[in-house]
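Protein chains in written order, with the working numbering: chain L, 4 to 406; chain E, 4 to 406. A virtual CB, placed ideally from N, CA and C, is assigned to each residue, including glycine. Scroll down for the structure; my scribbles are underneath it.
There are 2 protein chains.
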Amino acid sequence: MKKITGGVCAAQGFKANGVHCGIRKNKTKRDLALIVSDVRASAACVYTQNLVKGAPILVTKAHVADGYAQAIVCNSGNANTCNADGVEIAEGMCSLVEKHTGIPASDVVVASTGVIGQPLSLEPIAGGMGSLVKGLGENSDFAAQGIMTTDTVEKQVAYTFELGGKECRIGAIGKGVGMINPNMATMLIFVTTDAAISPEMLQKALSADVKDSFNMVSVDGDTSTNDMVCVLANGLAGNAPVESAGKDFTAFRKALSKVTTYLCRKIAKDGEGATKLLECKVTGAKSKKIARTVAKSVISSSLFKAAMFGADANWGRVLCAVGYSGADVDINKVDVSFKSKAGTIDVCRGGSGIPFSEEEAKKVLSADEIEVLIGLGDGNGRATAWGCDLTYEYVKINGDYRT
Amino acid sequence: MKKITGGVCAAQGFKANGVHCGIRKNKTKRDLALIVSDVRASAACVYTQNLVKGAPILVTKAHVADGYAQAIVCNSGNANTCNADGVEIAEGMCSLVEKHTGIPASDVVVASTGVIGQPLSLEPIAGGMGSLVKGLGENSDFAAQGIMTTDTVEKQVAYTFELGGKECRIGAIGKGVGMINPNMATMLIFVTTDAAISPEMLQKALSADVKDSFNMVSVDGDTSTNDMVCVLANGLAGNAPVESAGKDFTAFRKALSKVTTYLCRKIAKDGEGATKLLECKVTGAKSKKIARTVAKSVISSSLFKAAMFGADANWGRVLCAVGYSGADVDINKVDVSFKSKAGTIDVCRGGSGIPFSEEEAKKVLSADEIEVLIGLGDGNGRATAWGCDLTYEYVKINGDYRT
């Protein structure tokens with residue numbers, strides 16, 4: 004597998020673009036993005052489990068019910084959620100894509116992200132759609148910018164991989180820095196690939212993948228109303244279509260995981276106000292499920308997150324979060340270490356503290372990427388979760404988000 | 004019921020004190036507290052559900068197993084948790100009480116609060132016990148100060164009430180401002196009463212009470228390792244002992260609830276870094292359980308808490324937290340209003356936003372006590388949860404707690 008440039012345009016037959024159409028007040032911010040495939044593609048999606056679902060989610064579900072789609076349209080600055088006319092507006096966005104591209108509205112995936120509960124007008128979208136479609140090309144970066152809200156960096160990635168001797172490509176863009184604690188689906192992630200794979204196997208790959216990728220990310224414990232991960236696979240790589248489990252399916256899953264894991268780290272590191280990426284690696288669990296539960300609990304603890312902001316090796320908070328996670332763990336077997344590019348420091352063995360150099364610990368925890376390693380000494384289950392530190396800036400960003 | 008002064012010394016036959024013995028570095032901070040009853044008292048406790056349990060919890064459980072106790076000793080500055088010699092130290096604290104008061108160590112409730120995973124030495128406690136016992140008297144305030152960690156105000160309260168024609172008194176002290184998201188028990192709360200009530204009925208009253216009091220408080224979503232609520236009832240009021248359900252038991256529960264609810268509000272308002280008390284009142288739920296789940300979810304949302312800090316009427320975050328609470332709710336029936344001494348403002352009806360004056364909302368949300376009223380339109384279940392806003396100060400306090 005080789006990392007390449009191009010984001011969602013890396014795979015054959017995909018074009019993208021992003022423009023400022025006027026939903027966001029700041030004219031330097033793009034707020035409308037479009038991704039199109041030259042041909043109809045297998046489509047798989049996972050969605051938020053929040054009972055409050057953005058109108059675009061309802062519309063997208065209907066449009067991909069047949070397993071296929073050809074375009075993705077997404078605006079930022081307004082979530083189109085909790086609005087009486089939400090579904091009508093989301094359908095309107097798809098119709099505008101049809102009008103300007105000829106792709107049937109029923110083959111368009113639609114997404115929105117931003118403030119909840121403020122009416123979204125079709126007017127700016129109608130006004131911007133012409134230039135959005137006209138500028139379609141190798142513009143994955145513009146599309147990545149078009150879906151950003153409080154994100155500080157655009158998030159895109161692409162890899163090549165091989166299926167049955169054919170070179171395939173897979174790429175993605177993503178957004179999300181706050182209201183992030185996915186449950187079965189998360190944030191907005193759009194993946195494109197030219198691999199040939201049936202809608203069923205594509206959905207199977209995606210549903211399995213999110214359990215170890217986006218569902219293991221937490222910025223603030225809030226599960227959004229608009230989370231969505233969507234993969235389009237247009238088959239233009241010419242490989243023998245993946246239609247069942249086997250070597251090719253495993254290779255595809257590996258490629259998908261490469262892309263999603265990259266974005267998980269990227270999203271956690273750009274968490275609202277974050278100064279540090281936190282990666283919690285749990286090993287020795289009785290089961291994979293227990294490992295996931297423990298890793299997620301630690302990465303979500305406000306107290307642990309604040310301690311990491313302060314480079315304070317307060318490992319008692321790690322043990323505390325393991326203890327209240329609800330997972331079946333023998334606390335007297337738990338080991339904890341902190342690791343970064345500055346070194347590794349062991350702080351807890353068998354559930355009790357061990358002496359360590361505070362100076363050394365400060366050095367390790369002052370890095371911008373920190374691993375907390377938790378050994379449960381109880382089996383072979385392992386899992387990784389991603390999060391970020393809790394900072395003044397998080398509070399500032401969210402104390403007055405709407406203005 | 005009448006509010007009176009005296010805290011844990013309001014009830015007949017209870018004395019208390021608090022001193023600085025040297026566990027905390029700051030000599031102006033008391034760090035050791037003692038409450039004693041003239042006679043053995045019925046004792047009931049509830050404890051943290053965290054798998055990591057402080058050593059004092061294990062010792063207390065054993066000491067109150069017979070339903071009785073006569074003293075409570077508690078230090079701050081060190082949680083005596085995750086230490087290999089923790090149980091030995093906690094037993095040592097009880098023995099020191101026995102040595103200086105004559106009360107058997109097996110009738111002493113012991114508690115510790117502070118940093119997890121640092122060895123606790125008996126030395127300062129042994130040194131301070133003499134003056135602690137010597138100063139026993141109407142010193143509920145000293146005891147309240149002795150159990151504080153990052154608390155900014157001491158927390159105590161007392162009421163008179165009547166049981167079978169006899170005047171009884173009930174009072175309490177409490178501490179807790181961080182690592183607060185109780186589950187079946189919480190923080191440190193010590194309640195004293197001179198009512199006569201059997202250990203069984205006392206436990207029944209307490210276990211029922213915490214479901215609607217301390218279990219409905221959240222400061223930061225972290226469930227502590229040392230949470231404990233303990234009630235001592237010494238019977239000196241001379242009422243006919245409460246030994247079964249009935250009018251007197253109901254009256255006792257009402258008095259207990261008065262005390263615990265007061266402390267819930269006090270603890271939430273003094274939440275680490277908090278500038279505002281948030282009170283979430285849910286009505287119209289299909290069941291009480293659903294009402295509790297929804298109220299707790301909203302009060303725990305970091306995004307909602309940050310919005311309240313900024314006096315931002317971002318009600319979408321309220322709806323979002325209702326939606327991911329896991330409770331069985333019809334989102335299309337949900338009403339939301341904000342209320343404070345500055346007025347009431349309706350922001351959402353039937354799951355959709357309604358027009359409101361931002362200026363008016365800012366006024367309502369700038370008060371230091373804010374109610375968020377959620378109507379579910381689905382039944383008669385109701386519940387209240389207490390929390391606080393998320394501020395820069397919370398991050399500051401927890402970024403470097405140990406130094």
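Please confirm whether residue i has its beta-carbon closer than 8 Å to some beta-carbon of chain L.
{"i": "T189(E)", "result": "Confidence at T189(E) is low in this model, with a pLDDT of 40, below 50, so the placement of that residue should be treated as unreliable; the coordinate-derived value is given next. Not one chain L Cβ lies under 8 Å of T189(E)."}
{"i": "P185(E)", "result": "With a pLDDT of only 47 at P185(E), under the threshold of 50, the placement of this residue in the model should not be trusted; the figure read from the coordinates follows. So no, P185(E) is outside the interface."}
{"i": "S355(E)", "result": "yes"}
{"i": "G287(E)", "result": "no"}
{"i": "V301(E)", "result": "no"}
{"i": "V100(E)", "result": "no"}
{"i": "V398(E)", "result": "yes"}
{"i": "N401(E)", "result": "yes"}
Does any CB atom of chain E fall closer than 8 Å to the CB of residue i?
{"i": "C391(L)", "result": "no"}
{"i": "V11(L)", "result": "no"}
{"i": "T278(L)", "result": "no"}
{"i": "Y265(L)", "result": "no"}
{"i": "V297(L)", "result": "no"}
{"i": "Y395(L)", "result": "yes"}
{"i": "G177(L)", "result": "no"}
{"i": "C351(L)", "result": "yes"}
If residue i sits next to residue j, beta carbons under 8 Å apart, how far is it from one beta carbon to the other, in whole angstroms?
{"i": "I119(E)", "j": "T63(E)", "result": "That pair is no contact at about 17 Å."}
{"i": "V301(E)", "j": "A294(E)", "result": "About 11 Å separates the two Cβ atoms, so there is no contact after all."}
{"i": "A47(E)", "j": "Q206(E)", "result": "4 Å"}
{"i": "C3(L)", "j": "W318(L)", "result": "With chain L represented from 4 up to 406, any question about residue 3(L) goes unanswered, as that position is not in the structure."}
{"i": "T155(L)", "j": "D273(L)", "result": "6 Å"}
{"i": "A72(L)", "j": "A44(L)", "result": "6 Å"}
{"i": "T152(L)", "j": "S79(L)", "result": "5 Å"}
{"i": "D381(E)", "j": "D349(E)", "result": "Actually they are not in contact, since the Cβ atoms of D381(E) and D349(E) sit about 18 Å apart, beyond 8 Å."}
{"i": "S143(L)", "j": "V337(L)", "result": "In fact, because the Cβ distance is near 43 Å, the residues do not count as touching under 8 Å."}
{"i": "N53(L)", "j": "G21(E)", "result": "The Cβ separation is near 47 Å, so there is no contact."}
{"i": "P59(E)", "j": "N229(E)", "result": "7 Å"}
{"i": "A310(E)", "j": "G402(L)", "result": "7 Å"}
{"i": "A364(L)", "j": "A316(L)", "result": "4 Å"}
Given 7 Å as the limit, tell me if residue i has its C-beta closer than that to any heavy atom belonging to the ligand FAD.
{"i": "K308(L)", "result": "Ligands in the displayed structure: none, and consequently the ligand FAD is not present."}
Are the beta-carbon atoms belonging to residue i and residue j less than 8 Å from one another?
{"i": "T196(E)", "j": "V234(E)", "result": "yes"}
{"i": "R320(L)", "j": "F307(L)", "result": "yes"}
{"i": "V160(E)", "j": "L280(E)", "result": "no"}
{"i": "A288(E)", "j": "G384(E)", "result": "yes"}
{"i": "I176(E)", "j": "K158(E)", "result": "yes"}
{"i": "C283(L)", "j": "A240(L)", "result": "no"}
{"i": "A314(E)", "j": "L368(E)", "result": "yes"}
{"i": "A93(L)", "j": "V112(L)", "result": "no"}
{"i": "V100(E)", "j": "L61(E)", "result": "no"}
{"i": "Q121(E)", "j": "R33(E)", "result": "no"}
{"i": "P127(E)", "j": "I26(E)", "result": "yes"}
{"i": "V42(E)", "j": "A74(E)", "result": "no"}
{"i": "T296(E)", "j": "T394(E)", "result": "no"}
{"i": "A199(L)", "j": "N242(L)", "result": "yes"}
What residues are listed by DSSP as bridge partners for residue i?
{"i": "G378(L)", "result": "T286(L), D338(L)"}
{"i": "Y50(L)", "result": "M231(L)"}
{"i": "T196(L)", "result": "I173(L), A236(L)"}
{"i": "T347(E)", "result": "K342(E)"}
{"i": "I38(E)", "result": "A19(E), I75(E)"}
{"i": "Q159(E)", "result": "I176(E)"}
{"i": "V111(E)", "result": "A74(E)"}
Cβ-based contacts, 8 Å cut-off: residues of the region 135–168 of chain E near chain L: none
Check each residue of the region 327–340 of chain L: if its Cβ is closer than 7 Å to any Cβ of chain E, include it; give the result in chain order.
-> Y327, V332, I334
* Near-chain E residues of the region 48–62 of chain L (beta-carbon distance less than 9 Å), N- to C-terminal order -> T51, Q52, N53, L54, V55, K56
*Check each residue of the region 307–327 of chain L: if its Cβ is closer than 9 Å to any Cβ of chain E, include it; give the result in chain order.*
F307, K308, A309, A310, M311, F312, G313, A314, D315, A316, N317, W318, G319, R320, L322, C323, A324, V325, G326, Y327
Please name the residues in the region 104–131 of chain L whose beta-carbon is closer than 9 Å to at least one beta-carbon of chain E, in chain order. V118, I119, G120, Q121, P122
- Message: Against chain L, which members of the region 79–95 of chain E pass a CB distance test of less than 8 Å?
- Response: A82, T84, C85, N86, A87
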